[in-house]
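Novice: Under this note's numbering, the first residue of the sequence shown carries the number 22, and numbering increases by one thereafter.
Cβ atoms here follow ideal geometry from the backbone N, Cα and C, with glycine treated the same way.
My questions all concern the structure below.
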Amino acid sequence: MIPISAFQFGIPVAIFLIAAVMAFLRSDLTRYHIPVIMLALFALTSGLMIPVGAELIRTDAERIDYRVTSQQGSCNATADEQVTKFDSLSTEAQDVFLSTLQSDEEYTTTVHPDEYELSTDVGAQNYIIYESDCYSLVGSSRGGLHYGILLHVLPIVGIPIAIGLATLAGFSYRYRNFRIPVTVVSGITTAIGLYTLVGLRTLLPISFLLAATVWIILKDFEPLKG
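Next up, the structure:
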């Protein structure tokens, strides 16, 4: 399976290649239009990522982490808890139990058999007798308030960003501005790279610092107006 970091790094690379090809194929464009085209493509990508991101959030919220622990002694010691024989479980519940038992730590799936109570429910310990041994299965749902907040915040933040990038791209193309797209594209690319490598800790300061540096360096450089 391709790691998520490969996709993250691949986005700016793919956008650059597409922009370069477009600039090469069109006679009215030069290599200096590549940052302008990239800015427009970043705007398009940002808009498309809103429904994609929402679907990923929903999928992750539906995931359940299962853990199995071998119990010392007999399941009879847990008289107040539900004790179930493995053979009496549904096929779905058996598959979840066996997959969790065979995993090193946790087994994650979206399957939630009716026989199992999750850690958010009352009585989260699911005791199962398997091959004369007693096991405790605990399922923890990833869903929560923060997922609902993310689903609401995503379009509120994402739509203005996409519109803003598209506006800057249109402005830069119309008025032959080279400084704005290079600055914004540099900041976005740096942000993606830092997010992939080190997370959010140094993301914004370094991205803004690089963008500001590019902005200052390109103060008197406007090849599109030449």
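Do C96 and V104 have their beta-carbon atoms positioned less than 7 Å apart in this structure?
Specialist: yes
Novice: Compare the C-alpha of R197 against each of I55, A212, S207, I39 and name the closest.
Specialist: I55
Novice: Would you check if the distance between the CB atom of L110 and the CB atom of E136 is smaller than 7 Å?
Specialist: yes
Novice: Say whether the region 200 to 213 touches the region 226 to 243, bearing in mind that this needs 3 or more beta-carbon pairs closer than 8 Å, one atom from each stretch.
Specialist: As far as the Cβ criterion goes, the region 200 to 213 touches the region 226 to 243, which means the pair count is three or higher.
Novice: First and last residue of the beta strand (DSSP E) that includes S161?
Specialist: 154 to 162
Novice: Does the distance from the CB of R163 to the CB of R84 come in under 7 Å?
Specialist: In this structure, R84 lies closer than 7 Å to R163 by Cβ.
Novice: Which residues in the same chain have their Cβ closer than 7 Å to the Cβ of V143, if we skip the five residues on either side of it in sequence?
Specialist: Confidence at V143 is low in this model, with a pLDDT of 47, below 50, so the placement of that residue should be treated as unreliable; the coordinate-derived value is given next. Taken in chain order, the list of residues that qualify is empty.
Novice: Taking the alpha-carbon of I58 as reference, which of A232, T188, S157, Q146 has the nearest alpha-carbon?
Specialist: T188
Novice: Cutting at 6 Å between CB atoms, please list the residues of its own chain near S228, excluding the five before and the five after it.
Specialist: G208, T211, A212, listed in sequence order.
Novice: With DSSP run on the structure shown, which of helix, strand or coil describes D116?
Specialist: For D116, the secondary structure class from DSSP, reduced to helix, strand or coil, is helix.
Novice: Extract the residue ranges of the beta strand (DSSP E) inside the region 72 to 98, only unbroken runs of 3 or more that lie entirely within it.
Specialist: 85 to 91
Novice: Taking only the alpha-carbon atoms, compute the straight-line gap between V219 and V42 and give it to the nearest angstrom.
Specialist: Each residue's Cα considered, the two are about 31 Å apart.
Novice: Per the contact definition of three or more C-beta pairs closer than 8 Å, is the region 172 to 191 in contact with the region 35 to 52?
Specialist: no
Novice: Tell me whether the beta-carbon of G5 lies closer than 7 Å to the beta-carbon of L175.
Specialist: The question about residue 5 has no answer here: the residues shown for the chain are numbered 22 through 247.
Novice: Using 7 Å as the threshold, is the C-beta distance between L60 and V178 below it?
Specialist: no
Novice: Taking just the CA atoms, how far does T51 sit from Q123?
Specialist: 58 Å
Novice: Helix, strand or coil for T131, going by three-state DSSP, please let me know.
Specialist: The answer is coil: DSSP assigns T131 none of H, G, I, E or B.
Novice: For V235, which residues does DSSP report across the bridge?
Specialist: According to DSSP, which records beta bridges pairwise, V235 is partnered with nothing at all.
Novice: Mapping the DSSP letters down to three states, classify Y196 as helix, strand or coil.
Specialist: coil
Novice: Please report the straight-line C-alpha distance between S67 and P181, rounded to a whole angstrom.
Specialist: Cα-Cα distance, rounded: 10 Å.
Novice: Between the alpha carbons of T131 and D154, how many angstroms are there, rounded?
Specialist: C-alpha separation (whole angstroms): 27 Å.
Novice: Given that a residue counts as buried once 16 or more other Cβ atoms are within 10 Å of its Cβ, and exposed if not, what is L166?
Specialist: Exposed, because fewer than 16 other Cβ atoms sit within 10 Å of the Cβ of L166.
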